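Asker: Numbers given in my numbering equal positions in the first sequence, counted from 1, plus 1.
I am attaching a structure below and will ask some questions about it afterwards.
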Amino acid sequence: MGTDIGDLLKKRPVELSGLSSKVIAIDAYNTLYQFLSIIRQRDGTPLKDSNGNITSHLSGILYRMASLMEAGIKPVFVFDGKPPAIKSRTIEKRAEVRENAMIRSAEAREKGLAEEAYKYAQASSKVDATIVGDSKKLLSGLGIPFMDAPSEGEAQAAYMVKKGDADLIGSQDYDSLLFGALSVVRNLTVSGKRKLPGKNIYVDVKPEVIDLEESLSELGITHEQLIDIALCVGTDYNKGLANIGPKKALKLVREYGSIEKVLLAKEIEITDLESVKAFFTDPPVSDDYELKWSKPKNEAVIEFLCEEHDFSNDRVIKALERLEASAGGGQQTLDQWF
DNA sequence: CGAGACAA
DNA sequence: TTGTCTCGG
Numbered sequence: 002m003g004t005d006i007g008d009l010l011k012k013r014p015v016e017l018s019g020l021s022s023k024v025i026a027i028d029a030y031n032t033l034y035q036f037l038s039i040i041r042q043r044d045g046t047p048l049k050d051s052n053g054n055i056t057s058h059l060s061g062i063l064y065r066m067a068s069l070m071e072a073g074i075k076p077v078f079v080f081d082g083k084p085p086a087i088k089s090r091t092i093e094k095r096a097e098v099r100e101n102a103m104i105r106s107a108e109a110r111e112k113g114l115a116e117e118a119y120k121y122a123q124a125s126s127k128v129d130a131t132i133v134g135d136s137k138k139l140l141s142g143l144g145i146p147f148m149d150a151p152s153e154g155e156a157q158a159a160y161m162v163k164k165g166d167a168d169l170i171g172s173q174d175y176d177s178l179l180f181g182a183l184s185v186v187r188n189l190t191v192s193g194k195r196k197l198p199g200k201n202i203y204v205d206v207k208p209e210v211i212d213l214e215e216s217l218s219e220l221g222i223t224h225e226q227l228i229d230i231a232l233c234v235g236t237d238y239n240k241g242l243a244n245i246g247p248k249k250a251l252k253l254v255r256e257y258g259s260i261e262k263v264l265l266a267k268e269i270e271i272t273d274l275e276s277v278k279a280f281f282t283d284p285p286v287s288d289d290y291e292l293k294w295s296k297p298k299n300e301a302v303i304e305f306l307c308e309e310h311d312f313s314n315d316r317v318i319k320a321l322e323r324l325e326a327s328a329g330g331g332q333q334t335l336d337q338w339f
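Here's what the structure looks like:
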């Protein structure tokens, strides 16, 4: 998923507290997928309520939003709209991978290969309409704004940053930088050690910020050239060149100046090159959003999570208290004085 | 992933 | 208090 240009970019570790008062446009699809694939039991099954509905994403949203709001961060979720036609190959491929993973997971479970079963169960995660609907319902209850992008969420989020309505994009992917986002934050989580599944290995996971201008000047390339590099490596919208990774792509684009000249020199072609480039530089975006954070609607959240989805009352109330104490990123509490 | 329990 | 592990839904 996304584009494999991460190795080229400069990453600066940050604390969550260092992002206080920042508006972060969260790539909803990316974040929900992360929750679905990671919040699982040891056998690989996601969290579910007594009716069999998946609830991993609800758990993820509740606790992470409590942490972010507590840190004074103002999150806004940006959901995907209609994918562009040039993405259809990627979408088909993802569906294939998921179905394959589902079968392999079942097979591995039969054979008693726990680790394998877990891995394939993760890969079968799908952000479907129910997951999206549930998530929006919870966000409404938590008082956190969200919007539907006309097309790609990352493109919309990048637009919001360029406009100055948001400060950073929260995503594990780098695509929003191609769409012109000035700043991306990855690992948007309370920093700490994470145990790798299976082995007894712990890794430190800290939030990290990637600044577009900083990365470009360090690489000595323009934004357009960064897009060209991504196009060489391959994106969600094009296949990329054979045996070309980020390092070789950087070298080629530096040497020839642009992807067009690279293709000319190597006598190769990329289908839809022009429309893919145009999609990165001028994607469909919308001004139809309102960024307003409000106090959580406690009763509605409790009804939704506890009554409908079997969450523990105590846990939900605790998370709501954390949210309530920080709702509006300080704005709300300040208003009390006027 | 993140909370909570329990050990050190 | 800090680290390690399990459970949550």
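Glycine is no exception: its CB is placed at the ideal position from the N, C-alpha and C atoms.
These numbers were taken from a predicted model, which means no experiment stands behind them.
1) Which one of LEU324, VAL204, ASP44, LEU217 has the shortest CA to CA distance from LEU114?
2) Quick one: give me the first and last residue of the beta strand (DSSP E) that ARG65 is part of.
3) Can you tell me the Cα-Cα spacing of PRO91 and ASN31, whole angstroms?
4) ASP288: buried (16+ other C-beta within 10 angstroms of its C-beta) or exposed?
5) Cα separation between ILE55 and TYR175?
6) Check the DSSP bridge columns for GLY193 and list the partner residues they point to.
7) Are there 16 or more other CB atoms within 10 angstroms of the CB of MET148, so buried, or fewer, so exposed?
8) I'd like the span of the alpha helix (DSSP H) that includes ALA184, first residue to last.
9) To the nearest angstrom, report how far apart GLY331 and GLY73 are at their CA atoms.
10) Could you tell me the boundaries of the alpha helix (DSSP H) in which ILE228 lies?
11) Contact check, SER152 vs TYR34 under 8 Å by CB: the rounded distance?
12) Give, in chain order, every unbroken run of the alpha helix (DSSP H) that is at least 4 residues long and sits entirely within the stretch 120-164.
13) What distance in whole Å lies between the Cβ atoms of ALA122 and SER106, which are believed to be in contact at a cut-off of 8 Å?
14) In this structure, how does DSSP classify PHE180 when only helix, strand and coil are distinguished?
Answerer: Let me spell this out:
1) The residue given as residue 114 occupies position 113 in the first sequence. Looking at the Cα atoms, ASP44 is the closest of the given residues.
2) Taking the first sequence and counting its residues from 1, the one referred to as residue 65 is at position 64. Counting along the chain, ARG65 falls outside any beta strand (DSSP E), though it belongs to the alpha helix (DSSP H) covering 57-71.
3) Start at 1 with the first residue of the first sequence, and residue 91 comes out as number 90. Start at 1 with the first residue of the first sequence, and residue 31 comes out as number 30. Reading off the sequence shown, one finds Thr at residue 91, where the question assumed Pro. Rounded to whole angstroms, THR91 to ASN31 spans 15 Å at the Cα level.
4) As a first step, residue 288 must be located in the first sequence, where it is residue number 287. ASP288 comes out exposed.
5) For the purposes of this step, residue 55 is identified with residue 54 of the first sequence, where counting begins at 1. For the purposes of this step, residue 175 is identified with residue 174 of the first sequence, where counting begins at 1. Using only the alpha carbons, I get a separation of about 28 Å.
6) Position 192 of the first sequence, counted from the first residue, corresponds to residue 193. In DSSP, GLY193 forms a bridge with VAL206.
7) What you label residue 148 is simply residue 147 of the first sequence in a count that begins at 1. With 16 or more other Cβ atoms within 10 Å, it is buried.
8) As a working mapping, residue 184 is identified with position 183 in the first sequence. Note on identity: in this sequence residue 184 is Ser, with Ala being the wrong assignment. Per DSSP, SER184 belongs to no alpha helix (DSSP H); it is in the beta strand (DSSP E), 184-187.
9) Locating residue 331 in the first sequence gives position 330, counting from the first residue. Locating residue 73 in the first sequence gives position 72, counting from the first residue. Note that GLY331 scores 46 on pLDDT, short of 50, meaning its location in the model is unreliable and no value can be drawn from it.
10) Taking the first residue of the first sequence as position 1, residue 228 is located at position 227. Element bounds for ILE228: 224-234.
11) Within the first sequence, residue 152 is the residue found at index 151, counting from 1. Within the first sequence, residue 34 is the residue found at index 33, counting from 1. SER152 to TYR34, Cβ: 18 Å. No contact.
12) 130-143, 154-164
13) Numbered from 1 along the first sequence, position 105 holds the residue referred to as residue 106. Numbered from 1 along the first sequence, position 121 holds the residue referred to as residue 122. Contact flag correct, Cβ pair sits at about 4 Å.
14) Counted from its first residue, the first sequence places residue 180 at position 179. Note: PHE180 maps to coil in three-state DSSP.
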